[in-house]
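Quick note: the sequence shown, position 120, residue 120 per the working numbering, numbers continuous.
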Amino acid sequence: MRRSSFLKVAVFLAIALHVAPVSAKDAEWGPWPSADAEERLPASAFHAAEGWVGEAQNGSQPFLFALRTYQLFVSSQDVVSCPMYPSCSRFAMHAFATYDPLQAFLLTADRLVRDNPGAHEHGRYPHVHVGEQPKLRDLPEDHRLW
């Protein structure tokens, strides 16, 4: 009895999580934070978020699904303390939605390596304010490989 209940819950969650990112475009969900951050950053830092999750035609959909699952269940449990903008998971979401899977994977791996206290001290990244918090701006477009 417990096993069948577990399977039902697992199937329900898998379906719900798969549908959530696609239907999220209707709620204007995107890789970048809400409009209050837009007002404080240059317009070039933003991209049209409408429909970008559902339009990834380049084989990146499984990666986007995995990243969205991470954002919903793992990252949401952490304290908002990332010094970079956008956060690593949003950086990865944008990379996988925009570029081919290989380039997106390499961009994401590069970002994870660069997101460390040593990199923040050298003044390499421009500073921006997201809400009231100062952040280091680092967009996927700044590191495109090809």
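Every residue, glycine too, gets a C-beta built ideally from N, C-alpha and C.
For clarity, every value in this text was computed on a predicted model and none was experimentally measured.
Local conformation of residue i per DSSP, three classes
i, result
"Tyr70", "helix"
"Trp146", "coil"
"Leu139", "coil"
"Pro101", "helix"
"Pro86", "coil"
"Pro134", "strand"
Rounded C-alpha distance that separates residue i from residue j
i, j, result
"Leu64", "Asp110", "18 Å"
"Gly131", "Ser75", "19 Å"
"Leu102", "Pro117", "27 Å"
"Val53", "Ser81", "Any reading at Val53 needs caution, since the residue's pLDDT is 47, under 50, leaving its predicted position unreliable; the model's value is listed next. Distance between the alpha carbons of Val53 and Ser81: 25 Å."
"Thr98", "Leu139", "12 Å"
"Ser89", "Gln71", "7 Å"
"Ala24", "Asp100", "Because Ala24 sits at a pLDDT of 42, beneath the cut-off of 50, its placement in the model cannot be relied upon, and the following sentence gives the value as read from the coordinates. Computed Cα separation, rounded: 22 Å."
"Leu107", "Phe73", "23 Å"
"Met93", "Pro83", "18 Å"
Buried/exposed call for residue i, threshold 16 Cβ in 10 Å
i, result
"Phe150", "Residue 150 falls outside the range modelled here, since the chain spans only 1 to 146, and no answer is possible."
"Phe96", "buried"
"Leu67", "buried"
"Leu145", "exposed"
"Pro62", "exposed"
"Pro134", "exposed"
"Asp142", "exposed"
"Leu112", "exposed"
"His129", "exposed"
"His127", "exposed"
Proximity test, residue i beta-carbon vs the ligand SAM heavy atom, cut-off 7 Å
i, result
"Cys88", "By its list of ligands, the structure shown contains no ligand whatsoever, and the ligand SAM lies outside what it can speak to."
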